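Some notes on the structure that comes next.
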């Protein structure tokens with residue numbers, strides 16, 4: 007029985023990965039913060055028809071975070087495989103220090119602790135944000151060069167430098183693999199991250215932007231990470247994008263799943279710049295971080311297409327179609343009130 011260590015297990019990717027590993031019979035130790043909420047993991051376990059209390063009892067929980075290297079050194083002893091899913095995702099203003107601290111320093115600590123523990127495989131969940139954007143073919147993949155002189159988001163920079171820490175570990179003898187998922191969709195809490203769009207779509211979306219990017223099902227990310235470890239494929243990274251989709255088409259698919267009208271009004275750069283300005287002004291008055299920034303604008307304004315051909319060819323990997331992912335997620339979101347009501351009635 008494989009002894010695995012997971013970070014980010016109460017998040018979307020880590021939660022699905024934890025449940026899939028549990029169903030495979032792995033011995034799991036999971037790192038969680040003292041103040042972490044288990045609400046999302048509870049919902050994910052419900053999705054897989056796994057009783058949450060049964061799951062919770064089967065996991066060895068260790069309380070701390072990736073910035074506490076002393077704790078990590080002790081926690082990773084005896085571990086064979088590490089899945090590092092924890093990280094901060096933010097395109098808001100004023101988040102640079104937090105992003106570099108969590109994503110870069112946290113990953114460096116994990117790598118150092120894994121080296122000390124003699125881990126057999128270190129799998130890191132990165133992002134397409136860490137990839138280069140200058141492609142001669144029009145398709146961005148693992149080999150696309152990254153122009154360091156070009157402006158990028160603080161999040162992109164943090165994931166790029168986090169990957170460098172993983173490759174540093176590889177140079178020091180740690181067997182590693184990296185996954186670069188696109189925008190992640192799938193069953194989870196719809197009030198955070200990329201799943202916020204499902205909350206908005208349930209009420210209808212009037213606007214769309216001229217952007218395009220790659221999307222992937224969270225269940226596929228978990229499945230791919232497990233497969234890389236099972237096949238002992240190290241020293242590589244793989245782009246994880248099921249389909250590239252224009253923003254207007256994505257919104258149409260999601261609103262249709264909720265029985266709402268698709269967006270019809272194009273939000274141009276001028277309108278988006280005004281939205282960023284208003285968000286910054288509100289942030290100044292309220293003292294709360296702005297949810298929109300120049301990084302947000304840059305990520306929205308750049309149409310991007312990605313290729314996942316290497317993982318398809320090398321692992322014979324079949325991605326979940328985007329339409330299926332959206333339908334499953336929309337159904338999950340629709341059923342959330344019923345799930346919560348059922349839980350209350352069982353108390």
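Numbering (the working numbering), first residue to last: 7 to 353.
Ideal Cβ positions, reconstructed from N, Cα and C, are used throughout, including at glycine.
As the structure is a computational prediction, the values presented were derived from the model and not from experiment.
* **Member of 182, 258, 229 whose CA lies at the smallest distance from the CA of residue 212** => Checking every option, the nearest Cα to that of residue 212 belongs to 258.
* To do: Leaving out five residues on either side along the sequence, give the residues of the same chain with a beta carbon under 8 Å from the beta carbon of residue 232.
  => 23, 26, 27, 30, listed in sequence order.
* Asked: So does the region 203-219 actually touch the region 155-169, counting three or more Cβ pairs closer than 8 Å?
  -> No, they do not touch.
* Asked: Which same chain residues, not among the five before or five after residue 247, have their C-beta less than 6 Å away from its C-beta?
  -> Cβ within range, chain order: 188, 220, 222, 312, 314.
* To do: Kindly list the residues whose CB is nearer than 6 Å to the CB of residue 329, restricted to its own chain and excluding five residues on each side of it in sequence; keep chain order.
  => No residues qualify anywhere along the chain.
* Asked: Do residue 183 and residue 129 come within 9 Å of each other at the CB atom, strictly closer than that value?
  -> Cβ atoms of residue 129 and residue 183: closer than 9 Å.
* Asked: What number of angstroms, rounded off, separates the C-alpha of residue 320 from the C-alpha of residue 13?
  -> In a straight line, the C-alpha of residue 320 is about 27 Å away from that of residue 13.
* Find the nearest neighbour of residue 340 within the set 243, 208, 269, judged by alpha-carbon distance. => Looking at the Cα atoms, 208 is the closest of the given residues.
* Ordered along the chain, which non-local residues of its own chain (more than five positions away) have a Cβ less than 7 Å from that of residue 338? -> Excluding positions up to five away in sequence, the list reads 53, 193.
* Local Cβ density within 10 Å of residue 269, reported as buried at 16 or more and exposed below that -> It counts as buried.
* Taking 8 Å as the cut-off, does the CB of residue 62 come closer than this to any heavy atom belonging to the ligand GTP? -> Absence of the ligand GTP from the depicted structure is noted, as is the absence of any ligand whatsoever, leaving it without description.
* Asked: If residue 150 and residue 159 are in contact, beta carbons under 8 Å, what's the gap, nearest whole angstrom?
  -> Contact flag wrong, Cβ pair sits at about 17 Å.
* **Extent of the continuous alpha helix (DSSP H) run through residue 250** => First-last for residue 250: 249-252, but that is the beta strand (DSSP E), not the alpha helix (DSSP H).
* Asked: Taking the alpha helix (DSSP H) that residue 131 falls in, what are its first and last residues?
  -> From DSSP, residue 131 is part of no alpha helix (DSSP H) but of the beta strand (DSSP E) over 127-131.
* Nearest-angstrom Cα distance between residue 196 and residue 204? -> Residue 196 and residue 204: Cα-Cα distance of roughly 6 Å.
* In chain order, what residues of the same chain lie with their CB nearer than 7 Å to the CB of residue 235, ignoring the 5 residues before and after it? -> If we look at residue 235 and ignore the five residues flanking it on each side, its Cβ neighbours are 87, 127, 129.
* Ignore the nearest five residues each way along the sequence and tell me which others in residue 227's own chain have a CB closer than 8 Å to its CB. => Answer for residue 227: 19, 22, 23, 131, 185, 187, 190, 246, listed in chain order.
* Asked: residue 16 and residue 43: beta carbons closer than 9 Å?
  -> Yes.
* To do: Determine the DSSP secondary structure at residue 174, reduced to helix, strand or coil.
  => Note: residue 174 maps to helix in three-state DSSP.
* Terminal residues of the continuous alpha helix (DSSP H) containing residue 113? -> 112-123 is the extent of the alpha helix (DSSP H) around residue 113.
* Alpha carbon to alpha carbon, what distance is there between residue 143 and residue 316? -> When rounded, the distance between both Cα atoms is 16 Å.
* Asked: residue 102 by DSSP, collapsed to three states: which one?
  -> In the three-state DSSP reduction, residue 102 falls in the helix class (H, G or I).
* Asked: Can you tell me whether DSSP reads residue 220 as helix, strand or coil?
  -> Looking at residue 220 - three-state DSSP - the assignment turns out to be strand.
* Asked: Exposed or buried, what is residue 76 when buried is set at 16 or more other beta-carbons lying within 10 Å of its beta-carbon?
  -> Classification of residue 76: exposed, given that the 10 Å Cβ count is below 16.
* Asked: Taking buried to mean at least 16 other C-beta atoms within 10 Å of its own C-beta, is residue 202 buried or exposed?
  -> It is exposed - the Cβ of residue 202 has fewer than 16 other Cβ atoms within 10 Å.
* Assign residue 13 to one of three DSSP states: helix, strand, or coil. => Secondary structure at residue 13: strand, using DSSP grouped into helix, strand and coil.
* To do: Write down the C-beta distance between residue 94 and residue 115 rounded to the nearest angstrom, noting that I regard them as a contact closer than 8 Å.
  => Actually they are not in contact, since the Cβ atoms of residue 94 and residue 115 sit about 14 Å apart, beyond 8 Å.
* To do: Could you please give the first and the last residue of the uninterrupted beta strand (DSSP E) stretch that includes residue 6?
  => Nothing in the structure corresponds to residue 6, since the chain is present only between 7 and 353.
* With a 10 Å radius around its C-beta and 16 neighbouring C-beta atoms as the bar for buried, classify residue 175 as buried or exposed. => Burial state of residue 175 is buried, judged by a 10 Å Cβ sphere holding 16 or more other Cβ atoms.
* **Chain-order list of residues whose beta-carbon lies under 8 Å from that of residue 138 (same chain, five-residue window excluded)** => Excluding positions up to five away in sequence, the list reads 146, 150, 151, 152, 153.
* What whole-angstrom Cβ distance do residue 73 and residue 107 have, given they're in contact under 8 Å? -> Rounded, the Cβ-Cβ distance is 7 Å, consistent with contact.
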